[in-house]
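Have a look at the structure below, then the notes.
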Amino acid sequence: MKSLVELSVTAVAHLTPVPELLANVEYLPTAVRHELFHELSDCRLRQMEMAWEAAARAEAQEPRDGFDPLAGDQFLFDRETQREWERRLRTAQRSCGTRVMTRTANPVENSAAAQERRRNYRFVFWEHQFRTLFNLRNPQRSTDPVDVLSDCQELFVDVMEVLKVHGRELCDDNVQLISALRQLRRLEIHHPEQQRTCWEATGRLLQSHQHLAELGLFHGKLTDTHISHSSLST
Numbered sequence: 001m002k003s004l005v006e007l008s009v010t011a012v013a014h015l016t017p018v019p020e021l022l023a024n025v026e027y028l029p030t031a032v033r034h035e036l037f038h039e040l041s042d043c044r045l046r047q048m049e050m051a052w053e054a055a056a057r058a059e060a061q062e063p064r065d066g067f068d069p070l071a072g073d074q075f076l077f078d079r080e081t082q083r084e085w086e087r088r089l090r091t092a093q094r095s096c097g098t099r100v101m102t103r104t105a106n107p108v109e110n111s112a113a114a115q116e117r118r119r120n121y122r123f124v125f126w127e128h129q130f131r132t133l134f135n136l137r138n139p140q141r142s143t144d145p146v147d148v149l150s151d152c153q154e155l156f157v158d159v160m161e162v163l164k165v166h167g168r169e170l171c172d173d174n175v176q177l178i179s180a181l182r183q184l185r186r187l188e189i190h191h192p193e194q195q196r197t198c199w200e201a202t203g204r205l206l207q208s209h210q211h212l213a214e215l216g217l218f219h220g221k222l223t224d225t226h227i228s229h230s231s232l233s234t
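This is how it looks when you write it as structure tokens:
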């Protein structure tokens, strides 16, 4: 049976508006705060992070990720939520009985020099969520009542560094969705289609995305014609 405190935290996590949570979370006892993060849905926790990041940009820079042994019990929002994403990744791994989700979930590196190469738990979690929803998405069926990736696009745009897609998924509508992922630096195309449309869509994506630095092609054949269609040589 849950204690009164646990029941209260659950109710607060489910019902309290995110801005109100954010205004008060820093002052909660550490154990209560961690329980609150645990009870928040994926979307509400990510919305809280986004609001925190927006507030941090408007004020003095908030410490990010680094463990400061002199800080004691000081509230480090990013560090604490990273631990929550790690917990959710490991829980998902156990529930599905596979290592798929943790193949790239390397421990978060805290040194400033490692910022460019690290793979943090938040990104790995949301990359998996995006990939799962992307696989279910069918832009050709306009009668689908809900398009989660379009409706909740803001949750993903700043937490996607790596994306794996199937060649058949590179249609115009999906390319537009991928182009909105501001932090995307690596795109892996598996089984690239031989049709011209796949390569033309790839070319448009390469030309329009500002931060995409790596393109991987797997289990397919690349010809001079494909290079021409996709403008990979430019």
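Counting from 1, one number per residue, gives the positions in the sequence shown under full-length UniProt numbering. Even for Gly, the Cβ is constructed at its ideal location relative to N, Cα and C. Fair warning: this is a prediction, and the values are worked out from it, not measured in the lab.
(request) List the endpoints of the continuous beta strand (DSSP E) containing residue 185. (result) On the sequence shown, position 185 is the one that residue 185 refers to. Premise fails: residue 185 is in no beta strand (DSSP E) and is neither H nor E.
(request) Kindly indicate which residue of 24, 35, 85 has the alpha-carbon position closest to the one of residue 7. (result) As a working mapping, residue 7 is identified with position 7 in the sequence shown. Residue 35 is the option with its Cα nearest to residue 7.
(request) Hey, could you find the ends of the beta strand (DSSP E) residue 214 is sitting in? (result) To locate residue 214, count along the sequence shown from 1; it is residue 214. That run of the beta strand (DSSP E) goes 214 to 218.
(message) Just verifying my parser: in three-state terms, what is the DSSP assignment at residue 28?
(response) Looking up residue 28 in the sequence shown gives position 28. In this structure, residue 28 counts as coil in the three-state DSSP scheme.
(request) Kindly indicate which three-state DSSP category residue 128 falls into: helix, strand or coil? (result) Residue numbering aside, residue 128 sits at position 128 when the sequence shown is read from its first letter. Three-state DSSP puts residue 128 in a helix.
(request) With a cut-off of 8 Å on the beta carbons, I'd call residue 198 and residue 43 a contact; round off their distance for me. (result) Stepping through the sequence shown from its first residue, residue 198 is reached at position 198. Stepping through the sequence shown from its first residue, residue 43 is reached at position 43. At roughly 32 Å, the Cβ-Cβ gap does not stay under 8 Å, so residue 198 and residue 43 are not in contact.
(request) Look at residue 130 and residue 156 and say whether their C-beta atoms are less than 7 Å apart. (result) The residue labelled residue 130 in the question sits at position 130 within the sequence shown. The residue labelled residue 156 in the question sits at position 156 within the sequence shown. In contact: residue 130 and residue 156 (Cβ atoms closer than 7 Å).
(request) May I ask you to report which of helix, strand or coil DSSP gives residue 240? (result) Beyond the ends of the chain as shown, which are 1 and 234, falls residue 240; an answer cannot be given.
(message) When you compare the CB positions of residue 212 and residue 177, do they come within less than 7 Å of one another, or not?
(response) Walking along the sequence shown from the start, residue 212 turns up at place 212. Walking along the sequence shown from the start, residue 177 turns up at place 177. Against a cut-off of 7 Å, the Cβ pair of residue 177 and residue 212 comes out as no contact.
(request) Locate the beta strand (DSSP E) running through residue 165, then write down its first and last residues. (result) Position 165 of the sequence shown, counted from the start, is the residue given in the question as residue 165. Run containing residue 165: 162 to 166, per the beta strand (DSSP E) assignment.
(request) Could you name the residues of the same chain whose beta carbon sits closer than 7 Å to that of residue 12, not counting the 5 residues immediately before and after it, in chain order? (result) In the sequence shown, the residue the question calls residue 12 occupies position 12. Within the same chain, residue 12 has close Cβ partners 36.
(message) Only counting the same chain, and skipping five residues up and downstream in sequence, which positions put a Cβ closer than 6 Å to that of residue 19?
(response) Here residue 19 corresponds to residue number 19 of the sequence shown, with the count starting at 1. Closer than 6 Å at the Cβ level, and outside the excluded window around residue 19, lies no residue.
(message) Rounded to the nearest angstrom, what separates residue 33 and residue 182 at their Cα positions?
(response) Translated into the one-based positions of the sequence shown, residue 33 becomes position 33. Translated into the one-based positions of the sequence shown, residue 182 becomes position 182. Their Cα atoms are separated by approximately 30 Å.
(message) Using a Cβ-Cβ cutoff of less than 8 Å, which residues in the same chain neighbour residue 136 once the five nearest sequence positions on both sides are dropped?
(response) Here residue 136 refers to the residue found at position 136 of the sequence shown. Within the same chain, residue 136 has no close Cβ partners at all.
(request) Can you say whether residue 196 is buried or exposed, counting buried as having 16 or more other CB atoms within 10 angstroms of its CB? (result) Stepping through the sequence shown from its first residue, residue 196 is reached at position 196. Exposed, because fewer than 16 other Cβ atoms sit within 10 Å of the Cβ of residue 196.
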